[in-house]
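Student: Note that the protein sequences, when read in sequence, are chains A and B. Under the working numbering, read the first sequence as residues 849 to 1206, first letter to last. Under the working numbering, read the second sequence as residues 849 to 1206, first letter to last.
2 protein chains.
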Amino acid sequence: MFNLDKDDSRLSDLSETEKPASIKDIARAANVSHSTVSRALRNSPLVSRETTERIKTIALQSGYRVSAVARSLATSKTRTIGVVVTSVRDPFVAEVVTGIENMAINHGYSVFLASCNAEAMREAKVVQSFEERRVDGIIVMDSRVGSLYAAHLAKMKVPIVLINKFRTGEFLYSVAIDNLTASRDATAYLIQLGHTRIAYIGDRDGFQSDTDRFGGYRQALEHADIPFQPHLVAHGDGKPEGGEEAMGQLLKLPERPTGIFCFNDMSALGVLRALRTHNVRVPEDISIVGFDDLFFAPYTEPSLTTVRQPKEHMGRLATEIVLKLLSGTSCEYNVKVQGELVVRESTAPPPREDPHLI
Amino acid sequence: MFNLDKDDSRLSDLSETEKPASIKDIARAANVSHSTVSRALRNSPLVSRETTERIKTIALQSGYRVSAVARSLATSKTRTIGVVVTSVRDPFVAEVVTGIENMAINHGYSVFLASCNAEAMREAKVVQSFEERRVDGIIVMDSRVGSLYAAHLAKMKVPIVLINKFRTGEFLYSVAIDNLTASRDATAYLIQLGHTRIAYIGDRDGFQSDTDRFGGYRQALEHADIPFQPHLVAHGDGKPEGGEEAMGQLLKLPERPTGIFCFNDMSALGVLRALRTHNVRVPEDISIVGFDDLFFAPYTEPSLTTVRQPKEHMGRLATEIVLKLLSGTSCEYNVKVQGELVVRESTAPPPREDPHLI
DNA sequence: TCCCTTACTACACACGTTTGCAGCGCGCCC
DNA sequence: GGGCGCGCTGCAAACGTGTGTAGTAAGGGA
Chain A
849 MFNLDKDDSR
859 LSDLSETEKP
869 ASIKDIARAA
879 NVSHSTVSRA
889 LRNSPLVSRE
899 TTERIKTIAL
909 QSGYRVSAVA
919 RSLATSKTRT
929 IGVVVTSVRD
939 PFVAEVVTGI
949 ENMAINHGYS
959 VFLASCNAEA
969 MREAKVVQSF
979 EERRVDGIIV
989 MDSRVGSLYA
999 AHLAKMKVPI
1009 VLINKFRTGE
1019 FLYSVAIDNL
1029 TASRDATAYL
1039 IQLGHTRIAY
1049 IGDRDGFQSD
1059 TDRFGGYRQA
1069 LEHADIPFQP
1079 HLVAHGDGKP
1089 EGGEEAMGQL
1099 LKLPERPTGI
1109 FCFNDMSALG
1119 VLRALRTHNV
1129 RVPEDISIVG
1139 FDDLFFAPYT
1149 EPSLTTVRQP
1159 KEHMGRLATE
1169 IVLKLLSGTS
1179 CEYNVKVQGE
1189 LVVRESTAPP
1199 PREDPHLI
Chain B
849 MFNLDKDDSR
859 LSDLSETEKP
869 ASIKDIARAA
879 NVSHSTVSRA
889 LRNSPLVSRE
899 TTERIKTIAL
909 QSGYRVSAVA
919 RSLATSKTRT
929 IGVVVTSVRD
939 PFVAEVVTGI
949 ENMAINHGYS
959 VFLASCNAEA
969 MREAKVVQSF
979 EERRVDGIIV
989 MDSRVGSLYA
999 AHLAKMKVPI
1009 VLINKFRTGE
1019 FLYSVAIDNL
1029 TASRDATAYL
1039 IQLGHTRIAY
1049 IGDRDGFQSD
1059 TDRFGGYRQA
1069 LEHADIPFQP
1079 HLVAHGDGKP
1089 EGGEEAMGQL
1099 LKLPERPTGI
1109 FCFNDMSALG
1119 VLRALRTHNV
1129 RVPEDISIVG
1139 FDDLFFAPYT
1149 EPSLTTVRQP
1159 KEHMGRLATE
1169 IVLKLLSGTS
1179 CEYNVKVQGE
1189 LVVRESTAPP
1199 PREDPHLI
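#1: Going by DSSP, which residues form a beta bridge with B/Leu1010?
#2: Which chain B residues sit within Cβ distance under 9 Å of A/Pro1131?
#3: Going by the beta-carbon positions, is the gap between B/Gly1084 and B/Ser1115 smaller than 8 Å?
#4: Does chain B have any CB closer than 8 Å to the CB of A/Pro1197?
#5: Are the region 928-937 of chain A and the region 1130-1137 of chain A touching, with three or more C-beta to C-beta distances below 8 Å?
#6: Can the beta-carbon of B/Thr1029 be found less than 8 Å from the beta-carbon of B/Gly1064?
#7: Would you kindly report the start and end of the unbroken alpha helix (DSSP H) that includes A/Val1232?
#8: Go to B/Gly1163, then tell me how far its alpha helix (DSSP H) extends in each direction, as first and last residue.
#9: Exposed or buried, what is B/Arg1129 when buried is set at 16 or more other beta-carbons lying within 10 Å of its beta-carbon?
#10: Determine the DSSP secondary structure at A/Glu1180, reduced to helix, strand or coil.
#11: Would you say the region 1162-1174 of chain A touches the region 932-951 of chain A, given that touching needs at least three Cβ pairs under 8 Å?
#12: Would you mind stating whether B/Ser920 and A/Arg982 have Cβ atoms separated by less than 8 Å?
#13: Could you tell me whether any Cβ in chain A is nearer than 8 Å to the Cβ of B/Phe960?
#14: Give me the DSSP bridge partner(s) of B/His1083.
#15: Going by CA-CA distance only, name the one from B/Phe1019, B/Ile903 and B/Pro1102 that's closest to B/Ser1178.
#16: Would DSSP call B/Asp1141 helix, strand or coil?
#17: If we count the other Cβ atoms within 10 Å of its Cβ and call it buried at 16 or more, is A/His1079 buried or exposed?
#18: Quick one: which chain B residues come within Cβ less than 8 Å of A/Arg1124?
#19: Looking at the unbroken alpha helix (DSSP H) that takes in A/Ser1151, where does it start and where does it end?
#20: Beta-carbon of A/Arg1164 versus every beta-carbon of chain B: anything under 8 Å?
#21: State the DSSP-derived secondary structure class of B/Val932, mapped to helix, strand or coil.
#22: Would you mind reading off the limits of the alpha helix (DSSP H) that contains B/Ala875?
#23: Could you name the residues of chain A that B/Ile953 contacts, counting a contact when the two beta carbons are closer than 7 Å?
#24: For B/Phe1144, which residues in chain A fall below 7 Å Cβ to Cβ?
#25: Who are A/Gly1107's beta bridge partners in DSSP?
#26: Taking contact to mean 3 or more Cβ pairs, one atom from each stretch, closer than 8 Å, check whether the region 976-990 of chain B and the region 999-1011 of chain B are in contact.
#27: With C-beta atoms as the reference, is B/Leu1099 less than 8 Å away from B/Ala1047?
#28: Using beta carbons (cut-off 8 Å, strictly below), is A/Pro939 in contact with chain B?
#29: Buried or exposed: B/Asp1140, going by 16 or more other Cβ atoms within 10 Å of its Cβ?
#30: Please report the Cβ distance between B/Arg1192 and B/Leu1152, rounded to the nearest whole angstrom; I am assuming they are in contact, meaning their Cβ atoms lie under 8 Å.
#31: Does chain A have any CB closer than 8 Å to the CB of B/Glu898?
#32: Going by the beta-carbon positions, is the gap between B/Gly1163 and B/Thr946 smaller than 8 Å?
#33: Would you give the residue range spanned by the alpha helix (DSSP H) that A/Ser1115 belongs to?
#34: Can you give me the C-alpha to C-alpha distance between B/Pro1088 and B/Ser1031, rounded to a whole angstrom?
#35: Around the Cβ of A/Glu971, are there at least 16 other Cβ atoms within 10 angstroms (buried) or fewer (exposed)?
#36: Can you look up A/Leu961 in the DSSP assignment and give me helix, strand or coil?
Now the structure itself:
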């Protein structure tokens, strides 16, 4: 520590200034022009071996840090990616962001993170700030107004990738799970176990993924010739509170469902609590299926059967698309990934005394 | 949508170019100098009312976006904050980040998010990239090597705030919960309930918060004249897996503990599962106390008694310090916030047949 | 009528890089 | 010995803003 301080003070002529040392300061100290410094620091073959060495040691000792902002201005590339999410406190979002950030950093990119709380106006505002910052690419999760700025950004040649929302026919790329298939399979699993009164708990905020998952649920019912019953559909808010409330409503039905398919695991968390409160056993009385396979799914009581989404992988995929587009490679517009049903302890055949089975 | 397209094409002379429109393009279209445009767009009183209006409409129609990078170069302020975290998939981290990001965005700042996976080298690397990007301030959660770069950054006048790690005596600011007091209170609560064999499950990764919480645990024991028993201390990894494993070890003891104080809620999640696996009832046989009060704490079975941290508030506080320092206001170096014990269903008096009570 | 003030605008430079091009010294070949 | 190429370096322009200062026109007062 003290050695470091000493080293620094030896070079105080450079580093004591208010402003950080610039390429010109290094040039002066090395007795070369600033362009030579610029080239040397980036290992240009145009600079001789010994000059490069000399410049590099001087730069190191003086604690020089290249100014990415000046570089960006000169190259008109910022090596940044803007990421807008609903909220990073949503564990699903956090996982995807992890994937994005890792991929980005491994390729020398930094990420701007901004949350929009699912408000369309704030989403637009955030995207505009990303434009001003000249991000090289934008990734938006659960977009609400992608179409508003997409055309504009396309003109600016800013790659933009939507996660969990398809917008075909525009200059948009997207990564999403095959919600329809996954939720059809999940519902079909309940049916296969013998359930016929299956409820769907959705998200009242109207995300596209909710619409799609609801679609898969209906397809599975239809395929099994089980009539769709609107009163078996309830809506939460995608969070435990909402799930608990929705389950509370379903429990008031004269004929309770024996299986519940939840829009996501967060809702399922609330559902489990509602059932516990009402002394309904899971899975003996009611089976529960979630969606996402969040970290807590193996730790609920009982552990949660759910559809696993390759969350981190989706983040990496989205970033990969951005990077590819930036390097001039063309890309598929809509990338679909598949979910995987993970069976745990929250699902079982319906109770024998189910009047429908008599 | 189509109207938008039409509007844009009417102005294609400006916006059709490869590069985004610059201040000079606007100046040309408005028949003024670029400096007038610069001033007009920021409502300088030096520009006449009507000129300002004219320039603004032209800028709006052409979809002009000021270049933050050029502005940063000119003003040597970027209005960005760099945030480095261990991992954003940690729900605690996610909450704090939410607080940071909200506060930042409300003050016109954008945040760079980078995770370091608790690796010292990566943390240093990330901080260096923040330096290069000329962030106005840096916030680091659970830092491992703050001291390495702190001096350097202090020289550059970059405010840096550590969350959950004190480093007194340096040019560092910090926000942290009063771990000692909080965990002393939590342990004391178990003691008050009648527990005497109380275990501590820590984090083997050696975070300062773990050390401090362990300290509070010991203080509470000491205060109650309960001898500290080293074999009642186990270490997880701060995640459910680690907690489950650690609990498994404690269950092998000839004399099982009747109360467990967990380093954090994530560990407690695993602990609860281990107990369920071994048919140990909570809280009848063993009481559990967590730390953090994460979103799932009310939804575990049984719901989790834990120490609430004002997570989002801590993020806002850290950001506030950065903003204050940037505006020239002086700040307290070490801000401490208090935890709050939230009693739920995972704690109760120890079983009567406790041999220690006979 | 002249000068001074006021209100506005343009000019020019700065910010810290990158990069095309010119220049320069040296050795080699014809 | 002259020309040419090669290896290296410096010059200068550019990127898109902000901003101090000079300049200009109008208006008003003496």
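Glycine included, each C-beta is placed from N, C-alpha and C at the ideal position. Since we're looking at a predicted model, the values are computed, not measured.
Tutor: Let's see:
#1: For the purposes of this step, residue 1010 of chain B is taken as the residue at position 162 of the second sequence. B/Leu1010 pairs with B/Val988 and B/Ser1022.
#2: For the purposes of this step, residue 1131 of chain A is identified with residue 283 of the first sequence, where counting begins at 1. In chain order: nothing, as chain B lies at least about 14 Å away.
#3: To locate residue 1084 of chain B, count along the second sequence from 1; it is residue 236. To locate residue 1115 of chain B, count along the second sequence from 1; it is residue 267. Taking 8 Å as the Cβ cut-off, B/Gly1084 and B/Ser1115 qualify as a contacting pair.
#4: Within the first sequence, residue 1197 of chain A is the residue found at index 349, counting from 1. Not an interface residue.
#5: no
#6: Position 181 of the second sequence, counted from the start, is the residue given in the question as residue 1029 of chain B. Position 216 of the second sequence, counted from the start, is the residue given in the question as residue 1064 of chain B. Yes; because the gap between Cβ atoms is below 8 Å, this pair is in contact.
#7: Look at the range of chain A in this structure, 849 to 1206, and you will see that residue 1232 of chain A is not part of it.
#8: For the purposes of this step, residue 1163 of chain B is taken as residue 315 along the second sequence, with counting starting at 1. Run containing B/Gly1163: Lys1159 to Leu1174, per the alpha helix (DSSP H) assignment.
#9: For this step, residue 1129 of chain B is matched to residue 281 along the second sequence. Classification for B/Arg1129: exposed.
#10: As a first step, residue 1180 of chain A is located in the first sequence; it is residue number 332 there, counting from the start. Coil.
#11: yes
#12: Mapped onto the second sequence, residue 920 of chain B falls at position 72. Mapped onto the first sequence, residue 982 of chain A falls at position 134. Not closer than 8 Å, so no.
#13: For the purposes of this step, residue 960 of chain B is identified with residue 112 of the second sequence, where counting begins at 1. It does: the Cβ of B/Phe960 has a partner Cβ on chain A nearer than 8 Å.
#14: Locating residue 1083 of chain B in the second sequence gives position 235, where the first residue counts as 1. Answer is B/Gly1050.
#15: Numbered from 1 along the second sequence, position 330 holds the residue referred to as residue 1178 of chain B. That would be B/Phe1019, whose Cα lies nearest to the Cα of B/Ser1178.
#16: Start at 1 with the first residue of the second sequence, and residue 1141 of chain B comes out as number 293. Coil, per DSSP.
#17: Walking along the first sequence from the start, residue 1079 of chain A turns up at place 231. Per the 10 Å Cβ criterion, exposed.
#18: Residue 1124 of chain A sits at position 276 when you count from the first residue of the first sequence. Under the 8 Å cutoff, chain B gives Glu1149.
#19: Here the question's residue 1151 of chain A lines up with position 303 in the first sequence. Element bounds for A/Ser1151: n/a, residue is neither H nor E.
#20: What you label residue 1164 of chain A is simply residue 316 of the first sequence in a count that begins at 1. So no, A/Arg1164 is outside the interface.
#21: The count along the second sequence starts at 1 and reaches residue 932 of chain B at position 84. Reduced to three states, the DSSP call for B/Val932 is strand.
#22: Position 27 of the second sequence, counted from the start, is the residue given in the question as residue 875 of chain B. Ile871 to Ala878 is the span of the alpha helix (DSSP H), which, as asked, contains B/Ala875.
#23: For this step, residue 953 of chain B is matched to residue 105 along the second sequence. Neighbours of B/Ile953 on chain A, chain order: Ala962.
#24: Here residue 1144 of chain B corresponds to residue number 296 of the second sequence, with the count starting at 1. Those are Leu1117 and Phe1144, listed as they occur along chain A.
#25: As a first step, residue 1107 of chain A is located in the first sequence; it is residue number 259 there, counting from the start. Looking at the DSSP assignment, A/Gly1107 forms a beta bridge with A/Ile1046 and A/Ser1135.
#26: yes
#27: What you label residue 1099 of chain B is simply residue 251 of the second sequence in a count that begins at 1. What you label residue 1047 of chain B is simply residue 199 of the second sequence in a count that begins at 1. Their beta carbons are not under 8 Å apart, which means B/Leu1099 does not touch B/Ala1047 by this criterion.
#28: Translated into positions along the first sequence, residue 939 of chain A becomes position 91. Chain B contact via Cβ: present.
#29: Taking the first residue of the second sequence as position 1, residue 1140 of chain B is located at position 292. With 16 or more other Cβ atoms within 10 Å, it is buried.
#30: Your numbering for residue 1192 of chain B matches position 344 in the second sequence. Your numbering for residue 1152 of chain B matches position 304 in the second sequence. Indeed they touch by this definition, with Cβ atoms about 6 Å apart.
#31: The residue given as residue 898 of chain B occupies position 50 in the second sequence. It does not: the Cβ of B/Glu898 has no partner Cβ on chain A nearer than 8 Å.
#32: In the second sequence, the residue the question calls residue 1163 of chain B occupies position 315. In the second sequence, the residue the question calls residue 946 of chain B occupies position 98. Their beta carbons are under 8 Å apart, which means B/Gly1163 touches B/Thr946 by this criterion.
#33: Taking the first residue of the first sequence as 1, we reach residue 1115 of chain A at position 267. Unbroken alpha helix (DSSP H) run through A/Ser1115: Asp1113 to Thr1125.
#34: Locating residue 1088 of chain B in the second sequence gives position 240, counting from the first residue. Locating residue 1031 of chain B in the second sequence gives position 183, counting from the first residue. Taking the straight line joining both Cα atoms gives about 20 Å.
#35: Taking the first sequence and counting its residues from 1, one reaches residue 971 of chain A at position 123. With 16 or more other Cβ atoms within 10 Å, it is buried.
#36: Stepping through the first sequence from its first residue, residue 961 of chain A is reached at position 113. Here A/Leu961 sits in strand by DSSP.
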